[in-house]
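Visitor: Got a structure for you, questions after.
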Amino acid sequence: MPAMELAGNFFLVGLMGAGKTTVGRTLARHAGKTFYDSDHEIERRTGVKITTIFDIEGEERFRAREKQIIAELCQMKDIVLATGGGAILAPENRQVLAAHGTVIYLRAQIDDILARTKHDKSRPLLQTANPRAKLEQLYQQRDPLYMEIADVVMDTSCQNVNTLVQRLEQRLLTQQP
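Following this line, the structure appears as structure tokens:
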């Protein structure tokens, strides 16, 4: 697909493990855009892992860093941005994402997320005795916020990434002016 067919920025939101980074990289490559992951950008700039920031500074300070990174990245042109799962908790993030590009909500089932994140120790919010209960709580809290700003909602269950991205590209092409 020629890069010029998909104009503007694309911002991926959804719970951890929904596939934002994987889908984002593939979409950026197909659309000829630059890919960013807000969590990876925070790690690159601080020189430490997200889990370390959570451990030392807490979630509140992490969210402040996240807000700054997202505000900066949203000012760029022709990017695909995978946000952290909780980025939409801040009204400022929801506002800047909605104002500067097409917001794509990658919606995943709890069972799929658990399978994808089972051995991933880099998810501080899932380092609990009952990750399923935590994910269900996060889904209840965040799904309405994802839906509030989503221009496109894509179910990521039972699909390989290439099929998902092809379907997403078709949806995005039909929404272009």
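Just so we're aligned, residue 0 is where the sequence shown starts under numbering that gives the first Met the number 0, counting upward by one.
For glycine and all other residues, C-beta sits at the position ideal for the given N, C-alpha and C.
Any contact of the segment 34-48 with the segment 125-145, i.e. 3+ C-beta pairs under 8 angstroms?
Guide: no
Visitor: Could you pull out every unbroken alpha helix (DSSP H) segment of at least 4 residues lying fully inside the segment 7-60, listed in chain order?
Guide: 19-30 and 37-45
Visitor: Just the Cα atoms here: how many angstroms apart are G84 and M15?
Guide: Residue mapping note: residue 84 aligns to position 85 of the sequence shown, counting from 1. Residue mapping note: residue 15 aligns to position 16 of the sequence shown, counting from 1. For G84 and M15, the distance between alpha carbons rounds to 5 angstroms.
Visitor: Span of the beta strand (DSSP E) holding T162?
Guide: Taking the first residue of the sequence shown as position 1, residue 162 is located at position 163. Unbroken run through T162 is the alpha helix (DSSP H), V160 to Q174; no beta strand (DSSP E).
Visitor: Cβ of R106 within 8 angstroms of Cβ of V164?
Guide: Counted from its first residue, the sequence shown places residue 106 at position 107. Counted from its first residue, the sequence shown places residue 164 at position 165. Contact: no.
Visitor: I need the boundaries of the beta strand (DSSP E) containing D154, first residue and last residue.
Guide: Taking the sequence shown and counting its residues from 1, one reaches residue 154 at position 155. Where D154 is concerned, the enclosing beta strand (DSSP E) stretches over V151 to D154.
Visitor: From L172 to A30, what distance separates their C-alpha atoms?
Guide: Mapped onto the sequence shown, residue 172 falls at position 173. Mapped onto the sequence shown, residue 30 falls at position 31. L172 and A30: Cα-Cα distance of roughly 11 angstroms.
Visitor: In three-state DSSP terms, what is T116?
Guide: Counting from one through the sequence shown, the residue named residue 116 turns up at place 117. Here T116 sits in helix by DSSP.
Visitor: Taking 8 angstroms as the threshold (beta carbon to beta carbon), is G7 in contact with chain B?
Guide: As a matter of chain content, chain B is missing from the structure shown, which is built from one protein chain.
Visitor: Going by C-alpha to C-alpha distance, which of D111, I103, A27 and A132 sits closest to L144?
Guide: Sequence index remark: in the sequence shown, residue 144 carries index 145 (1-based). Of the listed residues, the one whose Cα sits closest to L144 is I103.
Visitor: Tell me the residue span of the alpha helix (DSSP H) that contains A97.
Guide: Residue numbering aside, residue 97 sits at position 98 when the sequence shown is read from its first letter. First-last of the alpha helix (DSSP H) with A97: P90 to H99.
Visitor: Can you name the start and end residues of the beta strand (DSSP E) that I196 belongs to?
Guide: A question about residue 196 goes unanswered here, because the residues of the chain that appear run from 0 up to 176.
Visitor: What number of angstroms, rounded off, separates the C-alpha of A47 from the C-alpha of I69?
Guide: By 1-based counting over the sequence shown, the position of residue 47 is 48. By 1-based counting over the sequence shown, the position of residue 69 is 70. In the sequence as presented, Ala is not what sits at residue 47; that position holds Val. C-alpha separation (whole angstroms): 18 angstroms.
Visitor: Would you kindly check if the distance between the Cβ of L11 and the Cβ of A81 is under 8 angstroms?
Guide: Indexing the sequence shown from 1 puts residue 81 at position 82. Indexing the sequence shown from 1 puts residue 11 at position 12. Cβ distance < 8 angstroms, so A81 and L11 count as in contact.
Visitor: Ignore the nearest five residues each way along the sequence and tell me which others in L73's own chain have a CB closer than 6 angstroms to its CB.
Guide: The count along the sequence shown starts at 1 and reaches residue 73 at position 74. It should be pointed out that residue 73 corresponds to Cys in this sequence rather than to Leu. Taken in chain order, the residues that qualify are V95 and H99.
Visitor: Applying the criterion that 16 or more other CB atoms from any shown protein chain within 10 Å of the CB defines a buried residue, is K19 buried or exposed?
Guide: Position 20 of the sequence shown, counted from the start, is the residue given in the question as residue 19. Buried.
Visitor: DSSP has M104 in a bridge; who is on the other side?
Guide: As a first step, residue 104 must be located in the sequence shown, where it is residue number 105. In the sequence as displayed, the identity of residue 104 is Tyr instead of Met. Paired residue(s): V12 and V152.
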